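Note sheet for the following structure.
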Amino acid sequence: MKKIIVANWKMNPITLKEAEDIFNNIKESREKLLRSDSGTEVVICPPFTYIEHLDYINKNSNLKIGAQDCYWEEKGAYTGEISVAILKGLGVQYVIIGHSERRKYFMETDETVNQKTKAVLEAGLTPIVCIGETQEERELEKTEAVLEKEIENGLKDIDLSKIVIAYEPIWAIGTGNACDVEEAERMKEVIQKMTNKNIKIIYGGSANASNAEGYLKQADFDGLLVGGASLKSQEFVDIINKAL
Ligand code: PGA
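Now the structure itself:
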């Protein structure tokens, strides 16, 4: 399966100029590599306000643009929201859904994840649906139950062959405390059993250039969802290169 490396910039950087610099660095390194590239999909998910400009300067490159969230209605009186239709019009091809930060700070639930995932699929885009357990749930040995609930409710009535699942143990996100490759692989197998074998599963949580190979090669994840390390263009390029 083709690997997919996703950059989740979150609410960074704070100027368009910085965003453009990071994006151009990744694009240029990627262009140099293209001749020997096996076709890894690289998706950059910037804040909404940078999408249009980055898509514009992306022309003729093979980076893909993603969004970090969306709303499920197409248009109307939903102050502050951005629909999948709007994103699609700007060139977005992937949308991250149900990131743990959205669940924690913005009250997202498995039900909203389900509605958003369906909206993304209906528009013909690819949802990257995040699931994962907290430190407390892990200590109480509830990880499998949490994943099962998130899959059962969040992905209800959804064609799983059309989505990407990101296994992101919450305790590993932004902490520098990445999940052991063996443990992550075990969870990947648990998710495979709960869904089906052909589903795309990527890992996220303090992924960096030093540990990327373990997840991509040893644990055979289909890719990575990278937060902090995706804002350092050289490190992100190094991560992409581990997927070759
Ligand atoms: P991190 O974030 O790589 O900074 O841990 C990953 C994510 O939140 O998707």
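Quick note on this note's numbering: the sequence shown kicks off at -16 and runs consecutively. We put the CB at the ideal spot given by N, CA and C, even for glycine. A quick note: this is a predicted structure, and the numbers were derived from the prediction, not measured.
{"Item": "Evaluate Thr92 with the Cβ neighbour count: other Cβ atoms within 10 Å of its Cβ, from every protein chain shown; 16 or more gives buried, anything less gives exposed.", "Value": "exposed"}
{"Item": "Which class does Asn97 belong to by DSSP, given the choice of helix, strand or coil?", "Value": "helix"}
{"Item": "For the structure I just gave you, are there three or more beta carbon pairs, one from the region 107 to 125 and one from the region 137 to 156, closer than 8 Å?", "Value": "yes"}
{"Item": "Thinking just about the alpha-carbon of each residue, which of Arg13, Tyr33 and Thr32 is nearest to the one in Glu24?", "Value": "Arg13"}
{"Item": "When DSSP labels each residue in this structure, what does Ile(-3) get in the three-state scheme?", "Value": "coil"}
{"Item": "Pick out whichever of Leu70, Glu84, Asp140 and Lys58 has its Cα sitting closest to the Cα of Lys47.", "Value": "Leu70"}
{"Item": "In terms of residues, what are the limits of the beta strand (DSSP E) holding Glu24?", "Value": "Glu24 to Cys28"}
{"Item": "If you measure between the beta carbons of Lys99 and Cys53, is that distance less than 7 Å?", "Value": "yes"}
{"Item": "Can you tell me where the alpha helix (DSSP H) holding Thr126 begins and where it ends?", "Value": "Thr126 to Gly137"}
{"Item": "Could you say which of Ile27, Lys180, Met(-16) and Lys(-15) lies nearest to Glu3 if we only look at CA atoms?", "Value": "Ile27"}
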